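With the numbering used here as the guide, the letters of the sequence shown map in order to residues 53 to 493.
Below is one structure, written out as structure tokens; comments come after it.
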Amino acid sequence: MNHYKETIRLGVPIMLGQLGIIVVNFADNIMVGHHSTQELAAASFVNNFFNLAFIFGMGFSYGLTPIIGRLFAQGKKEEAGAVLKNSLVINFIVGILLSLCMLFLLFNLDWLNQPKELYPYILPYYILQLFSVVFAMLFNSFKQFSDGTTDTLTPMYIMLSANVLNIIGNYFLIYGHGGFPEMGLTGAGISTLFSRILTFAVFLLLFFNRKKYAIYLQGFRSTRICKEKIRSLVRLGLPVGFQMGVETGSFSLSVIMMGWIGSIALAAYQVAGVITTLGFMFYYGIGAAVSIRVSNFYGSDNPAEIHRAVKAGFHIMLCSMLSFVAFLLLFRAQIGYLFTPEEDVVRLVAIFCWPMMLYQFGDALQILYANALRGITDVKYMAKVALLCHFGLALPIGYLCGFVLDWGALGVWCGFPISLTTLGILLWFRFSRLLREKELN
């Protein structure tokens, strides 16, 4: 029973922090969608491509958590502060590289053959998202450091506070209330950029001024940038970032196929993407808690407790998955109205809910065991099988069903239930085999 309590204690603040992000995405899309359907379609295009950068960056920063978790379990807090300093440096570099990649895409938008009427909305919103990448990466370092020390509350409070300010900013800047100009989608982008800068700035101030961080700060200040620590962070973070990136990439590349179908399909895909992210973030919270606990037990060489922690996480994850599927089943026909009054978009969102329900178990399973493998620092395998499942199954099946079989927008979704379930099963087998080998040794 203690494993369930501890997983929930760690996981709920992570879930609430991520839920705050979802609420902001909901608010962004609801406000933008009621401002204009074209702006909602433009937001779909930009957000799905930047999700690729942000999710890869978040995954890359995950390399810090198991390292901090082991050091925390061993009482080496000054060394944990030293690792944080190195993490900030490498995350800053990765943030710059991601920004350059997204800038290259901006200069070559014509390659993607999207509706020309969306370009006036896409360009300013895209540029604002571009400026926020580095700040998101720097915040990720502090968040993963805090999670690794089992303090999941501080990041939650920071994220929720920034998200509230984001929504307030949306109200003023999208519609032009309070004497501000009516900026539509561009206003949403300005508000989001400000909130991402704020999350990093607040955590930075807390780290340098709160007593609870004093011992970590000693290690932070006394250490120099170390190639070995950087190499360790890259070795763990790059495969996780790649694994999460290819999953997001399969969804993002599906946006291009939706754009071939038209603006209605693109807008509906954006709404469905926000909805399905709600389930993903619940699973992510539990998975991150499992990773923290597994890394602690791995640091103290206790495979029996690793097994119990993962089992508890699976049961909690299963309950979350069933609850989300029930939500989709009950409200699939109405949920689209939250985002737009366009009947065609709402009907298409209701249709998209069926394949979403089919892949929830696979999504929950792959998130759980990817995080369990991350906790024991086995990360290269997951990157390989993620590439196989998302690019070898999801995208080809989506193209086949959507365009060869002529199922249209629904067909583009059809690859995800197969790819995510296959990935979850493969990661489950991998973790089970490695844990058995550790128990025998």
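Each residue gets a CB set at the ideal place from its N, CA and C atoms; glycine is no exception.
Just so you know, these numbers come straight off a predicted model, no measurement behind them.
How long is the line joining the alpha carbons of ILE174 and LEU149, rounded to whole angstroms?
Rounded to whole angstroms, ILE174 to LEU149 spans 21 Å at the Cα level.
ILE249 and GLY239: beta carbons closer than 7 Å?
For ILE249 and GLY239, no; Cβs fall outside 7 Å.
Which residues in the same chain as LEU104 place their Cβ atom closer than 7 Å to its Cβ, once the five residues preceding and following it in sequence are excluded?
Taken in chain order, the residues that qualify are GLY297, THR300, GLY301 and SER304.
Between the stretch 403-411 and the stretch 313-330, do at least 3 Cβ pairs fall closer than 8 Å?
The answer is yes - the stretch 313-330 touches the stretch 403-411, with three or more Cβ pairs under 8 Å.
Going by the beta-carbon positions, is the gap between ILE282 and TYR350 smaller than 7 Å?
No; because the gap between Cβ atoms is not below 7 Å, this pair is not in contact.
Using a Cβ-Cβ cutoff of less than 6 Å, which residues in the same chain neighbour ILE119 once the five nearest sequence positions on both sides are dropped?
Taken in chain order, the residues that qualify are VAL135.
So ASP415 is in the alpha helix (DSSP H); what residue range does that whole segment cover?
Start and end: 412-427.
Over the uninterrupted alpha helix (DSSP H) stretch that includes PHE50, give me the two end residues.
Lying outside 53 to 493, the shown extent of the chain, residue 50 is not represented and no answer is given.
So, is GLU91 buried or exposed, given that buried needs 16 or more other C-beta atoms within 10 angstroms?
Answer is buried; the Cβ neighbour count reaches 16.
Indicate whether HIS87 and GLY241 have their beta-carbon atoms separated by less than 7 Å.
Contact: no.
By alpha-carbon positions, which one of LEU410, PHE159, ALA385 and GLN412 ends up nearest to LEU400?
Of the candidates LEU410, PHE159, ALA385 and GLN412, the one whose C-alpha sits nearest the C-alpha of LEU400 is ALA385.
Could you give the distance in angstroms between the alpha-carbon of MET408 and the alpha-carbon of ILE449?
Cα to Cα, MET408 sits roughly 15 Å from ILE449.
Out of PHE260, ILE387, ASN423 and PRO167, state which residue places its alpha-carbon closest to the alpha-carbon of ILE338.
It is ASN423 whose Cα lies nearest to the Cα of ILE338.
Just to confirm my understanding: we take ILE344, look at its own chain, exclude 5 residues before and 5 after, and list those with CB closer than 7 Å. What are they?
Contacts found: LEU62, THR117, GLY121, ASP199, GLY200 and THR202.
With distances taken between CB atoms, is the gap from ASN100 to VAL326 smaller than 7 Å?
Going by C-beta atoms, ASN100 is not nearer than 7 Å to VAL326.
Out of LYS57, THR328 and ALA214, point me to the one whose CA is closest to PHE379's CA.
When each option's Cα is compared against that of PHE379, the closest is THR328.
Rounded to a whole number of angstroms, what is the C-alpha to C-alpha distance between LEU140 and GLY454?
Cα to Cα, the separation comes out at about 42 Å.
Between the Cα of GLN270 and those of ARG287, LEU205, GLU131 and TYR209, spot the shortest distance and give me the residue it belongs to.
Nearest option by C-alpha distance: GLU131.
Taking the CB atoms as reference points, tell me whether LEU425 and PHE483 lie closer together than 7 Å.
Going by C-beta atoms, LEU425 is nearer than 7 Å to PHE483.
First and last residue of the alpha helix (DSSP H) that includes TRP459?
No alpha helix (DSSP H) holds TRP459; DSSP gives it neither H nor E.
With C-beta atoms as the reference, is SER113 less than 7 Å away from SER193?
Their beta carbons are under 7 Å apart, which means SER113 touches SER193 by this criterion.
Using the beta-carbon count (16 or more within 10 Å), is CYS371 buried or exposed?
Result: exposed.
Going by other Cβ atoms of all chains shown within 10 Å of its Cβ, with 16 needed for buried, is ALA340 buried or exposed?
Buried, because 16 or more other Cβ atoms sit within 10 Å of the Cβ of ALA340.
Closest by CA to PHE443, which one among SER306, PRO355, ASP430 and GLN412?
Nearest of SER306, PRO355, ASP430 and GLN412 to PHE443, Cα basis: SER306.
Can you tell me which of LEU440, LEU486 and ASP458 puts its alpha carbon nearest to the alpha carbon of ILE470?
The shortest C-alpha separation from ILE470 is found at LEU440.
Among GLY133, LEU445 and PRO176, which one has its Cα closest to the Cα of ILE277?
Selected option, being the one with the closest Cα: GLY133.
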